[in-house]
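Residue numbers (my numbering): 791 to 1248. Note that beta-carbon positions come from the ideal geometry of N, C-alpha and C, so glycine has one too. Contents: one structure, followed by commentary.
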Ligand code: SF4
């Protein structure tokens, strides 16, 4: 039993019994659920839009090497720089190298799950660089010393009262401030940091290969400020985020907005194609894109799991998942939580350590139903279970139990040997784990085979 599994189980047990936690996240998810149907109305044929998006991502991933090289060629033409990082360490070293070159003491960053994946903030802190989260939700989480709780809404588990209390503790504000007043406090603090920062870091929602640019979607304008204010802009992005053409953005932007937050379109959508040009007045002097692999090519090499790379991180599968809604985002102990996290984490971080996530699912299929790009998430969870077993990550006890079961199931006389009472006793008293969260099993007194024989004897 791995440590990650033990921690996951312990945290899930606590969280699923925490009714206040459940109330808060159901309240916040409920607000999205109320507006998502309105966003969906903008599509004349939503199924077609989702299928088209899936096809585009399929094409992008099937030709990933060419797409990325085309992006690099076009992006570098306008003075941008592209770096390739095979793993988190390489990406961190590259970022540190740039920061040292720029004598960076303060860095502003916008919300990016990839930077969470490589634990960028901790790394920068160790290297005496002050890294400031500028997305309001991320800023709240950073103040509280917590990682994001949700891939779209980092502080989803906090009520407005929780945030007011946190600001009062950390920033000395009045604990009765309203959400609008709290936002103004954060804005004032963050503006100072933009002015100080030598480097800005953002993620990217899409890598557009035909024009060699990056598309960034956000609701607060903080990513734009992180891009444009500091003299150096670093973009760190997973290689799977590629889309072949700028014309695809017209489909992906509304899809991401609607499935993520129920908006028709997110408030700020930016395409950046390189550093400030000679005839331009604004923008960074230097722009570097770091293309991160970090085991994404392991998923790419797996024909069954490849589909999980189509994900546009809209978060809809998290909001729809009965497991996520009960245990919350932190119980997973991973960067990516919910159904998509349970699918990709065992491949990104190791099957042996994270295989349990694929078993922590009711397989209701709700995630597949709501996925913006129609990823067969519940089937991929099943596939993960299969791969875990095929890889030998199964306990001796379980292996032995299945062997006995197989033997008994293939042998009629063994199946008939014990009556219902004995089977009930074995199932309910020996396999006690079964009864912990479920009702008792009640086998019929006679087997089907015995009943069939009796019927035809008569
Ligand atoms: S798997 Fe689908 S629903 Fe889940 S975050 Fe990705 S695109 Fe959205």
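CB-CB under 7 Å to residue 1089, same chain, minus the five flanking residues each way: which ones, in chain order?
The residues are 1095, 1096, 1098, 1099, 1134, 1137.
Could you give the first and the last residue of the continuous beta strand (DSSP E) run that contains residue 1059?
1058 to 1062 is the span of the beta strand (DSSP E), which, as asked, contains residue 1059.
Please classify residue 896: does DSSP put it in a helix, a strand, or coil?
Residue 896 falls in the strand class under three-state DSSP.
Spatial neighbours of residue 898 within its chain, please: C-beta separation below 7 Å, excluding the five flanking residues on both sides.
For residue 898, where only same-chain residues beyond five positions count, the Cβ hits under 7 Å are 922, 924, 983, 984, 987, 990, 1016, 1020.
Mapping the DSSP letters down to three states, classify residue 834 as helix, strand or coil.
Coil at residue 834, not helix or strand.
Nearest CA to the CA of residue 1066: which residue from 818, 819, 869, 846?
The residue with the shortest Cα to Cα distance from residue 1066 is 869.
CB residue 1080 to CB residue 884, shorter than 7 Å?
Yes, they are a contact pair.
According to DSSP, which residues form a beta bridge with residue 873?
Looking at the DSSP assignment, residue 873 forms a beta bridge with 1080.
My parser needs the beta strand (DSSP E) runs of 3 or more residues fully inside the region 1060 to 1146; what are they?
Here the runs fully enclosed are 1076 to 1082.
Count the other C-beta atoms from every protein chain shown that fall within 10 angstroms of the C-beta of residue 1231, then say buried if there are 16 or more, exposed otherwise.
Label assigned to residue 1231: exposed.
Of the residues 837, 1172, 1027, 1197, which one's Cα is nearest the Cα of residue 907?
The residue with the shortest Cα to Cα distance from residue 907 is 1027.
Between which two residues does the beta strand (DSSP E) carrying residue 1004 extend?
Counting along the chain, the beta strand (DSSP E) containing residue 1004 begins and ends at 1003 to 1008.
Let me know the secondary structure DSSP gives residue 963 once reduced to three states.
Residue 963 falls in the coil class under three-state DSSP.
With a cut-off of 8 Å, do at least 3 Cβ pairs link the region 796 to 809 to the region 1116 to 1128?
Counting Cβ pairs under 8 Å, three or more are found: they touch.
Do you know how far the Cα of residue 929 is from the Cα of residue 1169?
For residue 1169 and residue 929, the distance between alpha carbons rounds to 36 Å.
Tell me whether residue 1032 counts as near ligand 1, meaning its Cβ is closer than 6 Å to at least one heavy atom of that ligand.
Every heavy atom of ligand 1 is 6 Å or more from the Cβ of residue 1032, so no.
Looking only at its chain, what residues have a beta carbon closer than 8 Å to the beta carbon of residue 1000, apart from the 5 residues adjacent to it on each side?
Excluding sequence neighbours, residue 1000 sits near 860, 864, 1034, 1035, 1036.
Rounded to a whole number of angstroms, what is the C-alpha to C-alpha distance between residue 896 and residue 878?
Roughly 21 Å between the two C-alpha positions.
With the cut-off set at 7 Å, would you say residue 782 and residue 1157 are in Cβ contact?
The chain is shown only over 791 to 1248; residue 782 falls outside these bounds and no answer can be derived.
When you compare only the Cα positions, how much space is there between residue 956 and residue 837?
Distance between the alpha carbons of residue 956 and residue 837 is about 43 Å.
With a threshold of 6 Å, establish whether the CB of residue 1103 neighbours any heavy atom of ligand 1.
For ligand 1, at least one heavy atom lies less than 6 Å from the Cβ of residue 1103.
Do residue 1108 and residue 947 have their CB atoms nearer than 7 Å?
The answer is no: Cβ separation not under 7 Å.
Measuring only from the beta carbon, is residue 898 closer than 6 Å to any heavy atom that is part of ligand 1?
Not under cutoff, so the answer is no.
Express the C-alpha separation of residue 1093 and residue 831 in angstroms, rounding to a whole number.
Each residue's Cα considered, the two are about 34 Å apart.
Using CA atoms only, rank isn't needed, just tell me which of 1042, 962, 954 is closest to residue 997.
Residue 1042 is the option with its Cα nearest to residue 997.
Do the CB positions of residue 1060 and residue 1006 come within less than 7 Å of each other?
Yes, the Cβ-Cβ distance between residue 1060 and residue 1006 is below 7 Å.
If distances are taken between C-alpha atoms only, which option among 980, 1072, 1228 comes closest to residue 961?
Taking only the C-alpha atoms, the option nearest residue 961 is 980.
Tell me the rounded alpha-carbon separation between residue 823 and residue 1053.
Looking at the two C-alpha atoms, the distance is approximately 11 Å.
Near residue 1141, what residues of its chain come up, given a Cβ to Cβ distance below 7 Å and the 5 sequence neighbours on each side ignored?
Within the same chain, residue 1141 has close Cβ partners 1177, 1178, 1181, 1183.
Could you pull out every residue in the same chain whose Cβ sits closer than 6 Å to the Cβ of residue 1129, ignoring the five residues on either side in sequence?
Result list for residue 1129: 1107, 1111, 1157, 1167, in chain order.
Ligand 1 and residue 985: does the residue's C-beta get closer than 6 Å to at least one heavy atom of that ligand?
No - ligand 1 has no heavy atom lying nearer than 6 Å to the Cβ of residue 985.
To test your reading of the DSSP string, which unbroken beta strand (DSSP E) runs of 3 or more residues are found completely within the region 875 to 951?
Taking only runs of at least 3 residues, the beta strand (DSSP E) segments lying wholly in the region 875 to 951 are 896 to 899, 920 to 923.
Taking only the alpha-carbon atoms, compute the straight-line gap between residue 1045 and residue 937 and give it to the nearest angstrom.
C-alpha separation (whole angstroms): 26 Å.
On the DSSP bridge list, what partners appear for residue 998?
Answer is 1003, 1033, bridged to residue 998.
If you draw a straight line from the C-alpha of residue 1116 to the C-alpha of residue 905, how long is it?
Cα to Cα, residue 1116 sits roughly 26 Å from residue 905.
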